[in-house]
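Colleague: Can you read through this structure? Questions will come right after.
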Amino acid sequence: MTADPWPWPADNQLDRARRIAQSYREALLELDAARCMDLDERARALGQGWVVPELVTIDENEMLSATAAAALVGVNRSTLYRWVEAGHVSVVYRTNKQRPLFRAGDVLARAAAQRRRRAQRARR
107 MTADPWPWPA DNQLDRARRI AQSYREALLE LDAARCMDLD ERARALGQGW VVPELVTIDE
167 NEMLSATAAA ALVGVNRSTL YRWVEAGHVS VVYRTNKQRP LFRAGDVLAR AAAQRRRRAQ
227 RARR
């Protein structure tokens with residue numbers, strides 16, 4: 107059995123597909139920027155905004171809704187709640203609406219820990 111040549115061992119199948127799609131997008135952008143922008147708009151219209159890279163600055167102490175916290179790290183809300191049940195992420199509740207809020211830094215740290223764990227398993 108040959109070793110996997112993929113340079114990012116923590117990537118799952120979806121991560122790999124997204125990296126490959128991004129590399130094709132970058133090549134198209136160099137060759138035909140107008141066509142690339144058209145396709146970006148079509149992707150956004152279809153709810154696939156991840157195709158278009160954007161720089162995001164997050165305050166680690168910012169409190170996020172479950173939907174925003176899950177979107178920040180690219181997981182489903184159910185995954186976020188599993189992290190809460192396992193004690194990996196804490197929840198803070200608003201007193202007036204009782205909606206769960208998550209500290210951005212906690213969610214980012216958990217996602218990073220999960221990627222490190224996947225990378226370690228991939229190296230074995």
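Sequential numbering of the sequence shown, starting at 107, is according to my numbering. Note that CB positions come from ideal geometry on N, CA and C, so glycine has one too.
1) Using a Cβ-Cβ cut-off of 7 Å (strictly less than) and excluding sequence neighbours within five positions of Asp-165, which residues of its own chain qualify?
2) Does Arg-125 pass the burial test, meaning 16 or more other C-beta atoms within 10 Å, or should it be called exposed?
3) Using the DSSP secondary-structure output, state which residues sit across from Val-239 in a beta bridge.
4) Report the rounded CA-to-CA distance for Pro-206 versus Ala-176, giving the unit in angstroms.
5) In the DSSP assignment, what are the bridge partners of Leu-170?
6) Are at least three pairs of beta-carbons, each pair with one atom in the stretch 171-190 and one in the stretch 211-221, less than 8 Å apart?
7) Along the alpha helix (DSSP H) that carries Ile-126, what are the first and last residues, could you check?
8) Hey, how far is the Cα of Asp-146 from the Cα of Val-157?
9) Just to confirm, does Arg-188 get its C-beta within under 7 Å of one of the non-hydrogen atoms of the ligand HEM?
10) Since Ala-174 and Arg-183 should fall inside the 8 Å C-beta cutoff, what is the C-beta to C-beta distance between them, to a whole number of angstroms?
11) In angstroms, rounded to a whole number, what distance separates the CA positions of Ser-196 and Asn-167?
12) Measuring straight from C-alpha to C-alpha, what distance separates Glu-160 and Asn-202?
Modeller: Let me spell this out:
1) Taking the first residue of the sequence shown as 1, we reach residue 165 at position 59. Answer for Asp-165: Ala-210, listed in chain order.
2) The count along the sequence shown starts at 1 and reaches residue 125 at position 19. Around the beta carbon of Arg-125, fewer than 16 other beta carbons lie within 10 angstroms, which makes this residue exposed.
3) Since the first residue shown for the chain is 107 and the last is 230, residue 239 is missing from the structure and cannot be characterised.
4) Working through the sequence shown from its first residue, we reach residue 206 at position 100. Working through the sequence shown from its first residue, we reach residue 176 at position 70. Here the alpha carbon of Pro-206 sits roughly 12 Å from the alpha carbon of Ala-176.
5) Within the sequence shown, the letter at position 64 stands for residue 170. DSSP lists Phe-208 as partners of Leu-170.
6) Result yes; three or more Cβ-Cβ pairs closer than 8 Å.
7) Along the sequence shown, one-based indexing puts residue 126 at 20. Start and end: 119-137.
8) Here residue 146 refers to the residue found at position 40 when the sequence shown is read from its first residue. Here residue 157 refers to the residue found at position 51 when the sequence shown is read from its first residue. C-alpha separation (whole angstroms): 7 Å.
9) With respect to the ligand HEM, the structure offers nothing, as it holds no ligand at all.
10) Translated into the one-based positions of the sequence shown, residue 174 becomes position 68. Translated into the one-based positions of the sequence shown, residue 183 becomes position 77. 10 Å between Cβ atoms; not a contact.
11) Sequence index remark: in the sequence shown, residue 196 carries index 90 (1-based). Sequence index remark: in the sequence shown, residue 167 carries index 61 (1-based). C-alpha separation (whole angstroms): 13 Å.
12) Position 54 of the sequence shown, counting from 1, holds the residue named residue 160. Position 96 of the sequence shown, counting from 1, holds the residue named residue 202. C-alpha separation (whole angstroms): 34 Å.
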